[in-house]
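Quick notes on the structure that follows.
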Ligand SMILES: Nc1ncnc2c1ncn2[C@@H]1O[C@H](COP(=O)(O)OP(=O)(O)OP(=O)(O)O)[C@@H](O)[C@H]1O
């Protein structure tokens, strides 16, 4: 069993996703109460089973992600709702970042659907109503999930008077935002799942809580039909479908439920209902389409459109730091002078994590553990107000250099701050590293653009990213020679505009760039862990002229050899040759016989007296 931090032991992997591997783990029996706080009263018991999501190394070694991890721990820890998998702890240990969650004993909804097929309309509506409850609570708290999909809903089995029922729990809150870092140079995958991506995300427009409602609409469609509404051969095709297509109503779908789905899938986010309205509408529909529905319930379900009202002011996603009180602009991503990053030393990531670990002398690896307030589990804790008691770092609003001394919103100076006083007034030591990470990423993007004839999501250098359709129109208007020229120069795509700090549309663009290389979702589970990488050098693509043709010939030769050796073709050809030979002999014999007979006839005729002279 592998220890994680000083409190946990990893037992066995439960599964792997795009952002990391989830392990079944256990709280150490010998957990020191002094090191962890009062674990018992906060619901974590020594020896208890937990689930730990160990983030991929490429995320854990990314400075942006590390900082977001530290900044957003409070948000993740305070999300307490009966339909949300509770995050108990966040661990930083060397180059390891991990989230400690409640262990859910049950499959995720994706697996469940694959094993059992679609749900009935009533069951689907009621299950989604609970997910909408979770979204409503998190949106009220200023947190947008951004990666809603069946794989992120876990089904806990609950014993009830009528037998077992499934209790849906939404997980992976904040992971999309954590992983959505400009410094990440991952190329084989992206954060987000094409089948569930809202049009505004695909277009690189600002995201709000409405992206979750869109994801809920897609999920509801999938729960009831077995597959998401927009399909395609590749991620780009699916993203395009989100932008331009409207799904047909499946024949078996009850009209009121279809009304709900259609409204969730509105292309214009402002026309989508709030999560609260969605939950109410789904329960109304479930009551009205059941076999025992009363006339009043049927009428209410038929009038469901009236319930699907948009929120007055949608929660922004990504443009606002959810750890801050609402309305306080975030530093987007990366470091800002007011960012609470004082645990990070100036000497590179390895030292940074080491120093972060050094914050707690007795318990070197774990940050912010078990400190979420023990509240009524049905209640979402207030987002704002007094200083977050879980915070090891101060929150960033209104902090000048003093922020580096550990002074947060109403919090005393942090005695664990490790940045020396001399560093307080100058630029943050991580600023240059973050810039370097971004520029590395830009180079990676240029390499990536070679994959496409025209990058539909690339922005012109001087303006913010143009909408996808405009880009596409421009690509179509391009003369064939120009397109040909562009094909021949994969490395020289126009420079990608990357303002400082990053704009919200950036994640979507990266997503589209990485999309074609992404392995099918389930195949990821079988992929080996990427080799450890300390340095992220810019990736360059080298093209050897004719190498494609050579490869093709080689494959052809190998395939030919294998077919010849191991298939029955060999035998068939022998058989055909033998048959043809037999025929040939037969025909030769016939010919010989005919010739002989003709000669005999001729000879006989010549024997008849006078036959030759008559003719002469
Ligand atoms: N709290 C938990 N308790 C039990 N199993 C869990 C828990 N969280 C995740 N799992 C399981 O671990 C596996 C991997 O989860 P993960 O969230 O990494 O995958 P994913 O949602 O498919 O990927 P991603 O969201 O990163 O794209 C899933 O099969 C899921 O069922």
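Residue numbers (this note's numbering): 32 to 647.
Every residue gets a Cβ at the ideal spot worked out from N, C-alpha and C, and that includes glycine.
**Message:** Could you tell me the alpha carbon to alpha carbon distance between residue 142 and residue 182, rounded to whole angstroms?
**Reply:** 7 Å
**Message:** So, with DSSP's three-state summary, where would you put residue 188?
**Reply:** strand
**Asked** Alpha carbon to alpha carbon, what distance is there between residue 595 and residue 251?
**Response** When rounded, the separation of the alpha-carbon atoms in residue 251 and residue 595 is 51 Å.
**Request:** Write down every uninterrupted run of the alpha helix (DSSP H) in the region 71–132 whose length is 4 residues or greater and which is fully enclosed by it, in chain order.
**Result:** Within the region 71–132, the complete alpha helix (DSSP H) runs of at least 4 residues fall at 88–91, 94–109.
**Asked** Is it true that the region 319–331 meets the region 169–179, where meeting means three or more beta-carbon pairs spaced less than 8 Å apart?
**Response** no
**Message:** Assuming the contact rule is C-beta atoms closer than 8 Å, residue 303 and residue 314 should be a hit. Round their C-beta distance to whole Å, please.
**Reply:** About 18 Å; that fails the 8 Å criterion.
**Asked** Counting pairs of beta carbons, one from the region 235–246 and one from the region 275–288, are three or more of them closer than 8 Å?
**Response** With the cut-off at 8 Å, the region 235–246 and the region 275–288 do not touch.
**Request:** Would you mind stating whether residue 296 and residue 312 have Cβ atoms separated by less than 8 Å?
**Result:** no
**Message:** Using the three-state DSSP reduction, which class does residue 47 fall into: helix, strand or coil?
**Reply:** strand
**Prompt:** Between residue 333 and ligand 1, is the CB less than 7 Å from at least one heavy atom?
**Reply:** no
**Request:** If I'm right that residue 132 touches residue 118 with Cβ under 8 Å, what's the distance once you round it to whole angstroms?
**Result:** The Cβ separation is near 5 Å, so the contact holds.
**Residues that DSSP places opposite residue 34 in a beta bridge** = 40
**Asked** By a C-beta neighbour count over all protein chains shown, 10 Å radius and 16 as the cutoff for buried, is residue 189 buried or exposed?
**Response** exposed
**Asked** Using DSSP with H/G/I as helix, E/B as strand and the rest coil, what is residue 61?
**Response** coil
**Asked** So who's on the other strand from residue 55, going by DSSP bridges?
**Response** 43, 82
**N-terminal and C-terminal residue of the alpha helix (DSSP H) that residue 639 is part of** = No alpha helix (DSSP H) holds residue 639; DSSP gives it neither H nor E.
**Message:** Once DSSP output is grouped into helix, strand and coil, what is the label at residue 284?
**Reply:** coil
**Message:** What does the Cβ neighbour count give for residue 32, buried or exposed, with the cut at 16 atoms within 10 Å?
**Reply:** exposed
**Message:** One question on the structure: do residue 83 and residue 49 come within less than 8 Å of each other, judged by their Cβ atoms?
**Reply:** Taking C-beta atoms as the reference points, residue 83 and residue 49 fail to come closer than 8 Å.
**Asked** With which residues is residue 199 paired in a DSSP beta bridge?
**Response** Paired residues: 186.
**Prompt:** Secondary structure at residue 178, three-state DSSP: helix, strand or coil?
**Reply:** coil
**Same chain only: Cβ atoms within 7 Å of residue 59, ignoring 5 sequence neighbours per side** = 38, 39, 40, 77
**Asked** Looking at the unbroken alpha helix (DSSP H) that takes in residue 313, where does it start and where does it end?
**Response** Run containing residue 313: 306–320, per the alpha helix (DSSP H) assignment.
**Message:** Taking 7 Å as the cut-off, is the beta-carbon of residue 318 closer than that to any non-hydrogen atom of ligand 1?
**Reply:** Relative to ligand 1, the beta carbon of residue 318 is positioned no closer than 7 Å to any heavy atom.
**Boundaries of the alpha helix (DSSP H) in which residue 20 is found, first to last residue** = This structure gives no information on residue 20, because the portion of the chain shown stretches from 32 to 647.
**Asked** With respect to the alpha helix (DSSP H) encompassing residue 330, which residues constitute its N-terminal and C-terminal limits?
**Response** 326–333
**Prompt:** Quick one: is the Cβ of residue 183 within less than 7 Å of any heavy atom of ligand 1?
**Reply:** Answer for residue 183: yes, Cβ within range of ligand 1.
**Message:** Does the region 249–267 come into contact with the region 224–240, if we say contact requires no fewer than three beta-carbon pairs (one atom in each stretch) closer than 8 Å?
**Reply:** Counting Cβ pairs under 8 Å, three or more are found: they touch.
**Asked** Less than 7 Å between the CB of residue 47 and some heavy atom of ligand 3, yes or no?
**Response** Inclusion of ligand 3 in the displayed structure is not the case, the ligand content consisting of ligand 1 alone.
**Asked** Considering only residues of the same chain and omitting the five flanking positions on each side of residue 253, which have a CB-CB separation below 6 Å?
**Response** 259
**Message:** Whole angstroms are fine: how far does the CA of residue 317 sit from the CA of residue 336?
**Reply:** 14 Å
**Item:** Cβ distance (whole Å) where residue 202 is taken to contact residue 185 below 8 Å
**Value:** 6 Å
**Request:** Determine, using beta carbons only, whether residue 173 and residue 107 come nearer to each other than 8 Å.
**Result:** Taking the C-beta atoms as reference points, residue 107 is found no nearer than 8 Å to residue 173.
**Item:** Counted within 10 angstroms of its Cβ, other Cβ atoms place residue 300 as buried (16 or more) or exposed
**Value:** buried
**Prompt:** With a Cβ-Cβ cutoff of 8 Å, do residue 85 and residue 121 count as a contact?
**Reply:** no
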